[in-house]
Structures are given as C-alpha cells and as structure tokens.
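Numbering (my numbering), first residue to last: 2 to 145. Think of the CB as a built atom: it goes at the ideal place given N, C-alpha and C, for glycine as much as any other residue. Read the structure below first, then the notes.
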C-alpha cells in the first residue's frame, strides 16, 4: 500500500464512531469504530484502533484490534501488533510474527472458485459396543 499516492482520511485515537463508515479514498483509523467499514480504497487500522464490525476494503493493513470479518479485494497485511477475531478473505495475505488471529482465512490469488473439500472415510475395525461404533471410524479430508 503506497500512502504517498492518494490523500488519506484519518480518524484519530480520540474519536469514537458508532455506525457505518463509507469511503471512496484511503482511510486510516486510530480510534474506535462500532460498526462496519466499507472503503473502495486502502485502509490502515492503527495500533490504537479498536473495531467491532466487518471491514470490506481493497487492501487492509491491520495493526490494532478487529472483532469482525475482513474482506479485501487485493491484500490483507497483519502487523505483529494485530489482534483479529473473525474470518479473513483476500487474494493475498501477509502475517508478521506475533499476530493474534482467531478465525478462518481464505487466500485465493487466482480468485477462482476453490474446489470442494470432499470427506474421505476409511473404516477401521468395528467395536463390539454399538455406543462406541462411531469412535471406530477414522475420518480424514482430502482435496480432489
């Protein structure tokens, strides 16, 4: 993300917003947001930022705390101070050492539909106790 090419809106650390933020340019948040962020440009979530809501952007750099899903058309970059609880989805992903991330991630550089993951079931010996019959089945997943 090149901060020198486009003007950037800034929400400072003294600001708290409840509601949805929509921006057509680049945005930097250092304050608190309880709501969604929709940005057709790039977004930076600063170290002091606290966001409770979903983020939809072109590219995102996360340094602060996010509780919600993050969707980026291009790239998500999580710096070492980032704390993310929620699912992330992007073409590219960069994660520094020290990031706290709880959720699922989908990184798909080609933007093509992912092939379905089909469960492959292999059976082991049956047990005499019907109550534990499910424990005798080993399940593994393979990509086809």
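### For residue 15, the residue or residues it bridges with in DSSP
DSSP output for residue 15 lists no bridge partner at all.
### Task
Keeping to the same chain, check which residues put their C-beta closer than 7 angstroms to that of residue 107; ignore five residues upstream and five downstream.
90
### Task
Indicate the three-state DSSP secondary structure (helix, strand or coil) for residue 46 in the structure shown.
strand
### Task
Going by DSSP, name the residue or residues bridged to residue 59.
DSSP lists no partner for residue 59.
### CB of residue 54 within 8 angstroms of CB of residue 30, strictly
no
### Among 36, 41, 64 and 93, the one whose alpha carbon lies nearest that of residue 25
41
### Query
What do you reckon, are the CB atoms on residue 68 and residue 52 nearer than 8 angstroms?
yes
### Message
Using only the alpha-carbon positions, how far apart do residue 1 and residue 60 sit?
### Response
Absent from the model: residue 1. The displayed extent of the chain is 2 to 145, so no value can be given.
#### Entry: Given residue 28 as reference, the closest of 9, 80 and 63 once Cα atoms are compared
9
### Query
Would you call residue 135 buried or exposed, if buried means 16 or more other Cβ atoms sit within 10 Å of its Cβ?
With a pLDDT of only 46 at residue 135, under the threshold of 50, the placement of this residue in the model should not be trusted; the figure read from the coordinates follows. Per the 10 Å Cβ criterion, exposed.
### Message
Mapping the DSSP letters down to three states, classify residue 78 as helix, strand or coil.
### Response
strand
### Task
Assign residue 51 to one of three DSSP states: helix, strand, or coil.
strand
### Query
Nearest-angstrom Cα distance between residue 98 and residue 44?
21 angstroms
### Message
Taking a contact to mean a Cβ-Cβ separation below 8 angstroms, would you say residue 12 touches residue 32 in this structure?
### Response
yes
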